[in-house]
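> Sharing a structure, written as structure tokens. Questions coming.
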Amino acid sequence: MAHEHKLEIFRGRWKFKSNTQKIWGVLAFLTFITVVEVVLGIYKPDMFMHTWMDPIEGGFFATIGNIILSPIVYMKPLNLIFIVLTIIKAYYIAWDFMHLRDETGSMRKMIVWTGVFLICYLMFILLQEGGYVFNVYNGDDALIKHNF
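According to UniProt numbering, the stretch in the sequence shown is residues 1 to 148, in order.
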């Protein structure tokens, strides 16, 4: 029994007549996102190269706030834009090209939520370790200096 795939993207806002048109439409969307990433990577606009917020100073609640807001506090907005655009591309590749949309709800949730938790964990580890390495090399009492 042949199974018909859903021929719309963007939650039904853009509909196609055939699978071939849908593939080309999603490919055009992914290409547009990639072009935006490449242009931002080449030109690096100055407004995206500096953090928009300084770390919150204080006690326990300031530390909790810094941890929760760590993508905004410690990361350049350009890097955050790249992460968000990459997640959007990964979503559409899995959702449309790997036909995740046609799977059962529990299978979709299992795949998507596992990826979400792993990406959040990876971002947390990279931010924490990156801050530590930066402080080791650039702190006032740094024992290790740049040798490269």
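Just so it is clear, CB atoms sit at the ideal spot from N, CA and C, and this is done for glycine as well.
Taking the alpha-carbon positions, what's the Arg101 to Phe82 distance?
Locating residue 101 in the sequence shown gives position 101, where the first residue counts as 1. Locating residue 82 in the sequence shown gives position 82, where the first residue counts as 1. Going by the C-alpha atoms only, they are around 25 Å apart.
> Beta-carbon within less than 6 Å of residue 198's beta-carbon, same chain only, minus the 5 sequence neighbours each way: which residues are those?
Limits of the chain in this structure are 1 at one end and 148 at the other, which puts residue 198 out of reach.
> Answer yes or no: do Val73 and Asn66 have a C-beta to C-beta separation smaller than 8 Å?
Here residue 73 refers to the residue found at position 73 of the sequence shown. Here residue 66 refers to the residue found at position 66 of the sequence shown. Closer than 8 Å, so yes.
> Determine the DSSP secondary structure at Lys15, reduced to helix, strand or coil.
Within the sequence shown, numbered from 1, the residue matching residue 15 stands at position 15. In this structure, Lys15 counts as strand in the three-state DSSP scheme.
> Verify whether the separation of the beta carbon atoms of Thr51 and Lys76 is less than 8 Å.
Your numbering for residue 51 matches position 51 in the sequence shown. Your numbering for residue 76 matches position 76 in the sequence shown. Their beta carbons are under 8 Å apart, which means Thr51 touches Lys76 by this criterion.
> Pop quiz: Ile88 and Ile33 are said to be a contact at Cβ under 8 Å. What is the actual Cβ separation, rounded to whole angstroms?
Against the sequence shown, residue 88 aligns to sequence position 88. Against the sequence shown, residue 33 aligns to sequence position 33. Right, their Cβ atoms sit about 6 Å apart.
> What does the alpha-carbon distance come out to for the pair Phe60 and Met98?
Numbered from its first residue, the sequence shown carries residue 60 at position 60. Numbered from its first residue, the sequence shown carries residue 98 at position 98. Between Phe60 and Met98, the C-alpha separation is close to 44 Å.
> Could you pull out every unbroken beta strand (DSSP E) segment of at least 3 residues lying fully inside the stretch 50-86, listed in chain order?
If we require 3 residues or more, the stretch 50-86 turns out to have no beta strand (DSSP E) run fully inside it.
> Would you check if the distance between the CB atom of Val26 and the CB atom of Asp96 is smaller than 8 Å?
For this step, residue 26 is matched to residue 26 along the sequence shown. For this step, residue 96 is matched to residue 96 along the sequence shown. The answer is yes: Cβ separation under 8 Å.
> Could you give the C-beta distance for Ala62 and Ile56, rounded to a whole number, given that I count them as a contact under 8 Å?
Locating residue 62 in the sequence shown gives position 62, counting from the first residue. Locating residue 56 in the sequence shown gives position 56, counting from the first residue. That pair is a contact at about 4 Å.
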